[in-house]
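K.L.:
Residue numbers (my numbering): 359 to 850. Note that CB positions come from ideal geometry on N, CA and C, so glycine has one too. Please see the structure below; I have some questions.
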Ligand SMILES: [Fe+2]
Ligand SMILES: [Fe+2]
């Protein structure tokens, strides 16, 4: 593993040195060269990958790859999407625990090289998690890329990057191109694990699916995003789309439950865009409450260890919870990953203990300039911190130990050399006895359209009942407090 980490670091530094200091060339964006290139998990993390890229012209797809073994490339049909041409290929027969370099394009026009490593399956690996770049302007996409660049500098041995959604703000062609321009060299430095955010489709059918080549064959399909799962080392990861009209359908919950019960991996990690537990501006909406009811039940029943989420643009970690109550012996830890970008939400303390119990909070950090009011474990403190920037998170799994660190990159330079400080804002370790999880899959995964629509209807009914019987009374009860805060605090 150490040897592989060093070689990954060298490859990454080579890529960043060669292409990372300067912005992507104009040719990379809708010019002659392929663009929107990314490598994603797709099937076995040890032997397979999906790859996606775009060209301005309708050209024949060609992936060239160098590394051990004899990788096999299978191409999808090229199709036009929003004025460009989408290419997808699946790479199989890769060697576990190996490093590969690749280029994409046609026989005459090649992309810049990218690198990725495959899982060696030894239960020891590192990865990065970010969320909510959610930018519209080039300047703000650059800030998000700065955050991820700082994450790679903090953890150069990261084998993949989980992005918990909201890659863009309005999911337009222009925004995805700006995203690509800022993130191109970073996306070519490791495997990407994308989570669909509510800003990544916005009802535009297939945007998210057309940006990433993911294996959704075992999952129910959704309108705005996809669901999928994969194993890496001794961990199982499930990725959920929570962005349709009703954040999760019953068909999704059924798939998730079966998926989580089908694995005997030591660790179960769930990545979803919307968090059940938050004190941001979305904490009070039915989505979060519905997730507290529906999703948490599956998390508890299936012994999920860690939930990674985004959406509310602040950093928050819960204590281990079962059914919304602190459970130090086997509860799941929920993390809201902060925003890697520049759109940051204040903490709405008046929601505390109504929608999110403060006694359940282990750590929380506000990223919004000039705004304080964070929970220090005892009471609400104020701060006027004005040099906090994007948040990134590093995770290491080593057998039965999972180490999580969260960092904030300063918005402004902090030393005479023009550097910006990276501050470790939270750190925790989860431990468990390995080799104990049993696979307890009991029923089928129905993926038919019929089942999907059947799943949505009861979800709608459940959401309506929940909204009127629980959410609305709670909301009405805190209206006086909301009015008071609006009148007395300069925070809205
Ligand atoms: Fe967001
Ligand atoms: Fe969001």
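For residue 835, collect the residues of the same chain with a Cβ closer than 8 Å to its Cβ; drop the 5 residues on either side in sequence, then sort them by chain order.
P.N.:
Hits under 8 Å: 712.
K.L.:
By DSSP, does residue 647 sit in helix, in strand, or in coil?
P.N.:
Note: residue 647 maps to helix in three-state DSSP.
K.L.:
Does the beta-carbon of residue 669, which I'm using as the reference point, lie nearer than 6 Å to any heavy atom of ligand 1?
P.N.:
Because some heavy atom of ligand 1 lies under 6 Å away, the Cβ of residue 669 counts as near it: yes.
K.L.:
Tell me the DSSP secondary structure of residue 765 in three-state form.
P.N.:
The answer is strand: DSSP assigns residue 765 an E or B state.
K.L.:
Take every Cβ of the region 473 to 492, pair it with every Cβ of the region 433 to 446, and state whether three or more of those distances are shorter than 8 Å.
P.N.:
These segments do not touch.
K.L.:
Compare the beta carbon distance of residue 393 and residue 412 with 7 Å and say whether it is the shorter of the two.
P.N.:
Yes; because the gap between Cβ atoms is below 7 Å, this pair is in contact.
K.L.:
In the structure shown, what three-state DSSP assignment does residue 694 receive?
P.N.:
Strand.
K.L.:
Which residue comes first and which comes last in the beta strand (DSSP E) that contains residue 420?
P.N.:
Per DSSP, residue 420 belongs to the beta strand (DSSP E) from 420 to 424.
K.L.:
Sorry if obvious, but does the Cβ on residue 617 come closer than 6 Å to a heavy atom of ligand 1?
P.N.:
No, since every heavy atom of ligand 1 falls outside the 6 Å radius drawn around the Cβ of residue 617.
K.L.:
Which same chain residues, not among the five before or five after residue 683, have their C-beta less than 7 Å away from its C-beta?
P.N.:
The answer is none, since no qualifying residue turns up.
K.L.:
Would you report the Cα separation of residue 845 and residue 645, rounded to the nearest angstrom?
P.N.:
If you take the alpha carbons of residue 845 and residue 645, they lie about 27 Å apart.
K.L.:
To the nearest angstrom, how far is it from the Cα of residue 689 to the Cα of residue 664?
P.N.:
Taking the straight line from one Cα to the other gives about 9 Å.
K.L.:
Closer than 5 Å from C-beta to any heavy atom of ligand 1: which residues, in chain order?
P.N.:
Selection output, chain order preserved: 490, 492 and 524.
K.L.:
At a Cβ threshold of 7 Å, is residue 693 touching chain C?
P.N.:
The structure shown has no chain C; it contains just one protein chain.
K.L.:
Say the cut is 6 Å; is the CB of residue 556 nearer than that to a heavy atom of ligand 2?
P.N.:
Because some heavy atom of ligand 2 lies under 6 Å away, the Cβ of residue 556 counts as near it: yes.
K.L.:
What is the DSSP secondary structure of residue 502, counted as helix, strand or coil?
P.N.:
Three-state DSSP puts residue 502 in a helix.
K.L.:
Alpha carbons only, please: which of 555, 567 and 625 is nearest the one belonging to residue 588?
P.N.:
Among 555, 567 and 625, the Cα nearest to that of residue 588 belongs to 625.
K.L.:
In three-state DSSP terms, what is residue 746?
P.N.:
If DSSP states are grouped into helix, strand and coil, residue 746 belongs with coil.
K.L.:
Assuming residue 597 contacts residue 616 under a Cβ cut-off of 8 Å, what Cβ separation, rounded to an integer in Å, is found between them?
P.N.:
Between residue 616 and residue 597 the Cβ distance is about 15 Å, and since that is not below 8 Å, they are no contact.
K.L.:
Does DSSP put residue 452 in a helix, a strand or coil?
P.N.:
Three-state result, residue 452: coil.
K.L.:
Quick check on DSSP: helix, strand or coil for residue 507?
P.N.:
If DSSP states are grouped into helix, strand and coil, residue 507 belongs with the helices.
K.L.:
Is the CB-CB distance between residue 799 and residue 488 below 7 Å?
P.N.:
No, the pair does not count as a contact, with Cβ atoms beyond the cut-off.
K.L.:
Would you mind sorting residue 385 into buried or exposed? The rule is 16 or more other CB atoms within 10 Å of its CB.
P.N.:
Confidence at residue 385 is low in this model, with a pLDDT of 42, below 50, so its placement is unreliable and the value that follows should be read with caution. Residue 385 comes out exposed.
K.L.:
Given a threshold of 16 other Cβ atoms within 10 Å of its Cβ, counted over all protein chains shown, does residue 662 qualify as buried or as exposed?
P.N.:
Classification for residue 662: buried.
K.L.:
From which residue to which residue does the beta strand (DSSP E) around residue 674 run?
P.N.:
Here the beta strand (DSSP E) through residue 674 covers 673 to 676.
K.L.:
Under DSSP, the alpha helix (DSSP H) around residue 538 begins and ends at which residues?
P.N.:
Start and end: 531 to 545.
K.L.:
To the nearest angstrom, how far is it from the Cα of residue 765 to the Cα of residue 714?
P.N.:
The alpha-carbon atoms of residue 765 and residue 714 are separated by roughly 23 Å.
K.L.:
What's the gap between the Cα of residue 638 and the Cα of residue 652?
P.N.:
Going from the Cα of residue 638 to the Cα of residue 652 covers about 20 Å.
K.L.:
Pick out whichever of 494, 419, 613 and 755 has its Cα sitting closest to the Cα of residue 515.
P.N.:
Checking every option, the nearest Cα to that of residue 515 belongs to 755.
K.L.:
Hey, would you say the C-beta of residue 442 is under 6 Å away from at least one heavy atom of ligand 4?
P.N.:
This structure lacks ligand 4; the ligands present are ligand 1 and ligand 2.
K.L.:
Along the chain, where does the alpha helix (DSSP H) containing residue 619 start, and where does it finish?
P.N.:
Here the alpha helix (DSSP H) through residue 619 covers 608 to 619.
K.L.:
Measuring CB to CB, does residue 551 end up less than 7 Å from residue 518?
P.N.:
Contact flag set, yes.
K.L.:
Can the beta-carbon of residue 654 be found less than 7 Å from the beta-carbon of residue 614?
P.N.:
Not closer than 7 Å, so no.
K.L.:
Near residue 825, which residues of its chain fall below 7 Å by C-beta distance, leaving aside the five closest residues on each side in sequence?
P.N.:
Cβ within range, chain order: 644.
K.L.:
Whole angstroms is fine: what's the gap from residue 735's alpha carbon to residue 721's?
P.N.:
Taking the straight line joining both Cα atoms gives about 8 Å.
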